[in-house]
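Numbering (our numbering), first residue to last: 354 to 775. Just so you know, even glycine gets a beta-carbon here, dropped at the ideal spot from N, CA and C. Below is one structure, written out as structure tokens; the observations come after it.
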Ligand code: MN
């Protein structure tokens, strides 16, 4: 299906602050509640959430033949499950309602009744996440990490340029932005020690990633091709794949990451649709050697998304740790989905597929402290002059992401998590 864009020239009667992530061209989907209102489907516009259930009760979606109660849900799964033609129609209708040229409805009547300031609501985990995979799709990240542990000459495993390496992660501990993360304990081998110990991780790290949300069930036994994959990708979120490097390093061979990853991952609350992102498609890195036919790359399947990770220390001081871009990713989302299903494994609505740490070519664009501090050997200097290698209790990591061009900014909001004592 070809993408459906909201007119870039459209302006809303809702006041949109400068540099807002949520103009009328974005209209992401999320789940909110207040003290009086149970969890419901909403969208973001400027500094407000718009309640889709209230609009529905007033008949604004009457002709769209949606299932009844589709907005009175604690997750987006049922809404997404109605299919792209319905979710697109809802998003287009929201744009019509908030268009400052609206003719169909009385603007003065519309102004306030379905908008609630974002500062007055709680945003929830927007999905019931069935399965979660984390890929390892940044050439720069894989090369940096491989160089640290195996030396520059053996940085990339022989398979790396032939398939998007990934592992099955844990969905039960994926939480929404704002959720506190308990400092994990685990087994690790201290530097130079002969025997492992059990205790709080000394090498707690973030990973700057994005993830895509599956919007359509596939059939077991039927692979999804790279050409078909776009029809299965509903939208994207920011993703912080929290990592305990000491636990990870001791446990990961031969079967891969386990408890060093599964204690927590965090996502941003708004699912930004692929439709909203479609005008920011671009060409990505060339793939050499040529991939096998089932991974054939369609044109312009990368996305130009600015990404940033910020550290907020316990005293409230902020420091940008890195800035990178989604377009640096070697393996594209359509290839990840094609590879995931190439053996006949099916995907389901609400599944989450994370990119892997997104690093860029220069040191300011490395998406983890593992890389930024060269495995803890080169501490970074904080604004107060103190040095830091990994993270500790009271530290907060904030991920941000947005696309910008032709006077339009499509953003993800933020993905924030604070480490607390257990
Ligand atoms: Mn990861």
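Exposed unless 16 or more other CB atoms sit within 10 angstroms - verdict on residue i
i           : result
residue 726 : buried
residue 354 : Unreliable placement is indicated for residue 354, whose pLDDT of 44 sits below 50; the coordinate value is still reported in the next sentence. Result: exposed.
residue 753 : buried
residue 432 : buried
residue 409 : buried
residue 468 : buried
residue 608 : exposed
residue 458 : exposed
residue 624 : buried
residue 604 : buried
residue 551 : exposed
residue 573 : exposed
residue 588 : buried
residue 668 : exposed
residue 447 : buried
residue 691 : buried
residue 645 : exposed
residue 546 : exposed
residue 371 : exposed
Reduced DSSP secondary structure (H/G/I, E/B, other) of residue i
i           : result
residue 757 : strand
residue 733 : strand
residue 662 : strand
residue 719 : coil
residue 562 : strand
residue 411 : coil
residue 523 : coil
residue 585 : helix
residue 646 : helix
residue 680 : helix
residue 593 : strand
residue 382 : strand
residue 540 : strand
residue 354 : Because residue 354 carries a pLDDT of 44, less than 50, the predicted location of this residue cannot be relied on, and the following value inherits that uncertainty. Looking at residue 354 - three-state DSSP - the assignment turns out to be coil, as it is neither helix nor strand.
residue 687 : helix
residue 348 : Nothing about residue 348 can be reported from this structure: the residues present for the chain run from 354 to 775 only.
residue 516 : coil
residue 613 : helix
residue 467 : coil
residue 641 : coil
Residue i versus residue j: straight-line alpha-carbon distance, rounded
i           : j           : result
residue 769 : residue 445 : 30 Å
residue 463 : residue 377 : 16 Å
residue 738 : residue 528 : 32 Å
residue 387 : residue 488 : 35 Å
residue 496 : residue 720 : 13 Å
residue 774 : residue 535 : 6 Å
residue 706 : residue 620 : 12 Å
residue 472 : residue 400 : 8 Å
residue 771 : residue 579 : 37 Å
residue 427 : residue 479 : 8 Å
residue 650 : residue 718 : 25 Å
residue 760 : residue 711 : 26 Å
residue 395 : residue 525 : 23 Å
residue 709 : residue 493 : 11 Å
residue 614 : residue 744 : 15 Å
residue 424 : residue 368 : 25 Å
residue 498 : residue 416 : 53 Å
residue 695 : residue 582 : 12 Å
residue 663 : residue 670 : 10 Å
residue 734 : residue 742 : 9 Å
residue 767 : residue 375 : 12 Å
residue 616 : residue 595 : 8 Å
residue 746 : residue 648 : 42 Å
Residue i - containing alpha helix (DSSP H), residue span
i           : result
residue 434 : 430 to 434
residue 445 : 437 to 451
residue 601 : 598 to 604
residue 709 : Element bounds for residue 709: n/a, residue is neither H nor E.
residue 502 : 492 to 503
residue 618 : Segment 618 to 620 is the beta strand (DSSP E) holding residue 618; no alpha helix (DSSP H) there.
residue 629 : 627 to 630
Unbroken beta strand (DSSP E) run spanning residue i, endpoints
i           : result
residue 404 : 401 to 404
residue 580 : Counting along the chain, residue 580 falls outside any beta strand (DSSP E), and DSSP gives it neither H nor E.
residue 474 : Run containing residue 474: none; DSSP gives neither H nor E here.
residue 423 : Unbroken run through residue 423: none, as it is neither H nor E.
residue 488 : 485 to 488
residue 550 : 550 to 553
Cβ-heavy atom distance, residue i to ligand 3, below 7 Å
i           : result
residue 519 : Ligand 3 is not among the ligands present in this structure, which contains only ligand 1.
query: Three or more beta-carbon pairs under 8 Å between the region 691 to 703 and the region 557 to 574, yes or no?
result: Proximity of the region 691 to 703 to the region 557 to 574 meets the contact definition, three or more beta-carbon pairs being nearer than 8 Å.
- prompt: Hey, is the region 508 to 516 in contact with the region 434 to 450, meaning 3+ C-beta pairs nearer than 8 Å?
  reply: Flag = no, the region 508 to 516 and the region 434 to 450 do not touch.
query: Touching or not, the region 542 to 561 and the region 630 to 640, by the rule of three or more beta carbon pairs under 8 Å?
result: Short answer: they don't touch.
query: Is the number of C-beta pairs between the region 624 to 631 and the region 665 to 676 that are closer than 8 Å three or more?
result: Flag = no, the region 624 to 631 and the region 665 to 676 do not touch.
query: Is it true that the region 676 to 695 meets the region 538 to 546, where meeting means three or more beta-carbon pairs spaced less than 8 Å apart?
result: The region 676 to 695 is not in contact with the region 538 to 546.
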